[in-house]
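Numbering (full-length UniProt numbering), first residue to last: 1 to 675. Report on one structure; see the data block that follows.
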Amino acid sequence: MNRFCWKNRTSFGGDSKVSNIWYKTISPNFLYSGILLILWYFCTWFVGAHLLQLEKSTGLYEKSLFINEINSTASLYDILASNTSKAKVFIFYSSYCPYCHLSSFTLKKVAESLHQTGLKFYSFECEINYVECSLWSVKEYPTLRLIPPEHKKVDLKAILSYEEYPSIGCTRKHEKNLKFPEKFQPGDVDIPQIIQGTSTAVAMPILNSEKFMICSLIRAFNLQDIYKPLPSIMLTALPPATLTTISSTEPLGRWSEESLKVDPSLLVRDAITSKLYILSRWVFIESKFSNIDQPLDRKRILALYRFVQTSMILLPSRQARKSLTKILEFIDMNTGISSDIFNVTTDNNKKELESTKDINGKGLTFRKWNSFIKSISVGGIGPFVSNIEPTYYLCKRSVFCGVWILFHIWTVAVLHGAKTQINTKNHYLGPAITPQQVLNSIKETVDNFFICKSCRDHFISMFEHNECDRLILVPPENIDNYPIKIEDATGLVFWLFRVHNAITTRVAIESTYRSIEQKQFEAVSYIGVEVSFPPRGLCPTCYKPNTVPFVITNSILGNINDLSTSDYDNNVYDQKNVVRFLEDYYWDNRWILPMEIVDNILIQSSSTFNIDVIHEPLNISSEEVSSKVHSSIGSVFDIFPILYPIITLFIFGITLFYIIEIGQVVENDNIPSKI
């Protein structure tokens, strides 16, 4: 029992010796303990916030001096209603849209240059409130909305006008290198369409053209009389002397050795994370609905159903299939869509399924969907709460990365199923989906649920123009043929691989171009770096003899406006070895699919049935997950978040115990007894 207390201390208050002991012995220990507690608190808080990503997520324009980030719908309408005498530009974007990041640097400079004119720029993160963005008819990201001063109009025809203002540098020479689509002549396209780029030719030049943006807004708001140009930093050429040459001798290209050591189970987790996030946040994001009780259009309902059903058939997780089955039943209950919608071959069936009229008066509304999807989770993944970013193990917080992984798992799963299928006269055990149907599901998913307009347009363009030999590798005439042909399944795996590499190459070129033109350190330059996957250091046999992966050079950047999609597909790959590599990378041979012979045995057996080849990719503990992420910091804190308050309280307890014990020592040894 502690005998040293405030009462005892006051009873010896007249003794100066006791006061000196208190001042010299106890007070420094209180001070030391307090400092120790504060240091431990801030250290654990800082490390915890870093590892668990608990720090406040800031928008793309949060730190911009000339673009105001809007954090709520109420603030959005307050800004609209206030100061109506000033012109405004609203930027609607998503933090998961790559082109939003690309265009943000240009828009920041444009806002800075036009600040002197009184033109106000505001940004709104649609991930905060995607319903509001839909009500604003935001169909792609980034989208600009021009709000003129009161009693005036925006001159949309002047945005692409070639009227020259030599005094401020807005002349034809600044726009002569821009290539416009033939169906969109200057004067017919408003600025949101231009920013996204309605074709491959338009996307990059305009997206990175600060001068073009400035001149377009000056014309739209009639600001030429008050605009005084700032010094332009736009590159008019790309001389080799301005480019940094990086050695291309790295065997792993742009990857580190640790980043390539992945476990297929973690890939499945990231794929499911992106899938559930899309289902939670992006199903209605580009749908034309005016209120939360308006049904989703039938075209998107069909795409949604196939998106879920394809995963239900091809994901090697019984836990995931259970949840996905619930989603399919919910969609069917609210729309009347048949569970077998892949084999739609007749024109009458197509017209019936794609009709916008609801069956039996039913409809899938945002209110119903949002309420239902919040109850869905798979193996600890989801549901996703507003403003909370999904957790990834390998994708570094990128939804699109997880979607690509999902697509690759689909294709490899079909190939695995084709190799293990059993087909007799009266019975078939194998995947209930063909490679051609998987291909169509991939296209529908991108077309309906990718929020990045430029990403979507590029992919659909590649699909429709038979890029990467789609029609040869995946013949469309075999869409309903069972058993599945091995060559079709192999072709699907290889086609998606080539498409993904072509897109990766294009994005790397655009990022390098932006980093050089705008001199932005945030953009990554890949000059001299092999950007295709897998790098030669990981799979040297994946490349044909005497060939090298695509390398970004100065000459390529200098001719970026002349590049077409086919230029990005540097087909130097050995198909057989690539497919073998992808099977090992994305698949675990212990996994099983629905309708496989092992799965059939499980369904007919008791729940206690056990077999060595059965493996659930989601049945791994958090400790196992952490140990499989080779690039993690390795701290125990990323496994047990509750350790933060426990450790802090533990240190606090030790400190108090230390103070109390010091007090007892002082009382027993240094304070004389009363006589």
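The C-beta atom is built at its ideal place from N, Cα and C for all residues, glycine as well. Predicted model only: the values in this text are computed from it and were never measured.
Contact annotation: T445 and F307 have beta-carbon atoms nearer than 8 Å. The continuous stretches of alpha helix (DSSP H) do not include E530, and DSSP gives it neither H nor E.
About 31 Å separates the CB atoms of E164 and T84; that is not less than 8 Å, and the two are not in contact. Under the three-state reduction of DSSP output, T335 falls in the helix class. If you ignore the 5 residues before and after T73, its C-beta comes within less than 7 Å of the C-beta of N129, E132, all in its own chain and listed in chain order. Counting along the chain, no beta strand (DSSP E) covers T273; the unbroken alpha helix (DSSP H) around it starts and ends at 264-281.
Ranked by how close their Cα comes to the Cα of G491, the residues D480, P476, D447 have P476 in first place. Secondary-structure assignment with DSSP links S371 through no beta bridge to anything. Around the beta carbon of S82, fewer than 16 other beta carbons sit within 10 angstroms, so the residue counts as exposed. Remark: C-beta atoms of C170 and I226 do not approach each other more closely than 8 Å. Under the DSSP assignment, S441 falls outside any beta strand (DSSP E), being part of the alpha helix (DSSP H) whose first and last residues are 435-449.
Leaving aside the five residues that flank F284 on each side, the residues in its chain whose CB is nearer than 6 Å to its CB run, in chain order, F366. According to DSSP, residue pairing for Y165 in a beta bridge involves C170.
Membership of E616 in any alpha helix (DSSP H) is not indicated, and neither H nor E is assigned to it by DSSP. In this structure, Y277 sits away from F121, with a CB-CB distance that is not shorter than 8 Å. In the three-state DSSP reduction, R590 falls in the coil class, being neither helix nor strand. Residue I405 holds the alpha-carbon nearest to the alpha-carbon of Y586 among I405, I486, I35, H465. Per the Cβ contact rule, the region 438-454 is in contact with the region 298-313 (3 or more Cβ pairs under 8 Å). Per the C-alpha coordinates, the member of K109, F221, S104, C100 positioned closest to K153 is F221. Assigned with DSSP and collapsed to three states, K152 falls in coil, not helix or strand. The bridge partners DSSP lists for Y392 come to none.
Between the region 466-480 and the region 578-593, the count of Cβ pairs shorter than 8 Å is below three; the stretches do not touch. For R470, there is no enclosing beta strand (DSSP E); the enclosing alpha helix (DSSP H) has its first and last residue at 470-473. Cα atoms of L496 and T541: separation of roughly 19 Å, rounded to the nearest angstrom. DSSP lists F92 as the bridge partner or partners of T143. With the rule of 3 Cβ pairs closer than 8 Å, the region 560-567 does not count as touching the region 524-535. When rounded, the separation of the alpha-carbon atoms in R536 and F212 is 41 Å. Under the criterion of beta carbons closer than 8 Å, F66 and F92 do not qualify as touching, at roughly 18 Å.
DSSP places I292 outside both helix and strand once states are collapsed to three, so it counts as coil.
Inter-residue distance for N370 and S134 is about 15 Å (C-alpha atoms, whole angstroms). Under the 10 Å beta carbon count, D562 is surrounded by fewer than 16 other beta carbons and is classified as exposed. Within the region 80-124, the complete alpha helix (DSSP H) segments at least 4 residues long are 98-114, listed from N- to C-terminus.
N68 is bridged by DSSP to Y122. With at least 16 other beta carbons inside 10 angstroms of its own, S274 counts as buried. Beta-bridge analysis with DSSP links Y543 to Y573.
In this structure, T310 and V474 do not form a Cβ contact; the two beta carbons are roughly 15 Å apart against a cut-off of 8 Å.
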